[in-house]
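One point on numbering: in this note's numbering, the residue at position 37 of the sequence shown is 141, and numbering is uninterrupted.
Even for Gly, the Cβ is constructed at its ideal location relative to N, Cα and C.
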Amino acid sequence: MDTQNDNTTPMTAAEYDQKINRTIPYYSEFYKQVTSVVRQCGFKQYDWLDLGCGTGTMEVLAAKTFPQARFVLADPSEEMLKQAKMKLKNGESESDSKRIESGSESDSRFEFILLLRT
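As structure tokens, then:
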């Protein structure tokens, strides 16, 4: 178990997914709603910036819905970013590492910028 807690929740990054749904009922519904709204926009290209990606749960769902999307993940917690990268690379998503980046993209343009604060 990850004992380091470098995020603003009382949970470590390793236990976050397991405990967040108990802490915030219907938490996973937020992600479904975001995906539904994005789908309604009807873009052909999806360059997606998530500011505060946490453990990457949103991107797992989005990658299944938008297989051509490119994701740039940002989070102030290095441990959360590690969890997100592991989740996305371990087959929970069809996404590959070329579409997942972290860090600043000063010259990039994004169709979607997500900041979901819970």
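Three-state class that DSSP yields for residue i in the structure shown
i: L192; result: helix
i: L155; result: strand
i: I217; result: strand
i: A173; result: coil
i: D106; result: Summary for D106: the model assigns pLDDT 44, below 50, so the residue's position carries little reliability; its value from the coordinates is reported in the next sentence. Coil, per DSSP.
i: D200; result: In this predicted model, D200 has a pLDDT of only 41, less than 50, meaning its place in the structure is not dependable; the value taken from the coordinates is given anyway. Note: D200 maps to coil in three-state DSSP.
i: E209; result: The predicted position of E209 is uncertain, since its pLDDT is 49 and thus under 50; no value can be drawn from it.
i: T113; result: coil
Residue i versus residue j - alpha carbon distance
i: T139; j: A166; result: 6 angstroms
i: P171; j: T127; result: 30 angstroms
i: E119; j: C157; result: 15 angstroms
i: T112; j: S181; result: 9 angstroms
i: K148; j: E215; result: 10 angstroms
i: Y135; j: M162; result: 6 angstroms
i: Y130; j: Y150; result: 26 angstroms
i: S201; j: K189; result: Unreliable placement is indicated for S201, whose pLDDT of 38 sits below 50; the coordinate value is still reported in the next sentence. Cα-Cα distance, rounded: 8 angstroms.
i: N125; j: P114; result: 14 angstroms
i: E183; j: A117; result: 6 angstroms
Residue i vs residue j beta-carbon contact at 8 angstroms
i: Q187; j: G160; result: yes
i: L219; j: W152; result: no
i: S227; j: V176; result: The question about residue 227 has no answer, for the chain in this structure spans 105 to 222.
i: V164; j: K191; result: yes
Residue nearest to residue i in terms of C-alpha spacing, selected from the options
i: G146; options: A117, V164 and A173; result: A173
i: E169; options: N125, V142 and M115; result: Rather than Glu, the amino acid found at residue 169 in this sequence is Thr. Nearest C-alpha to T169: V142.
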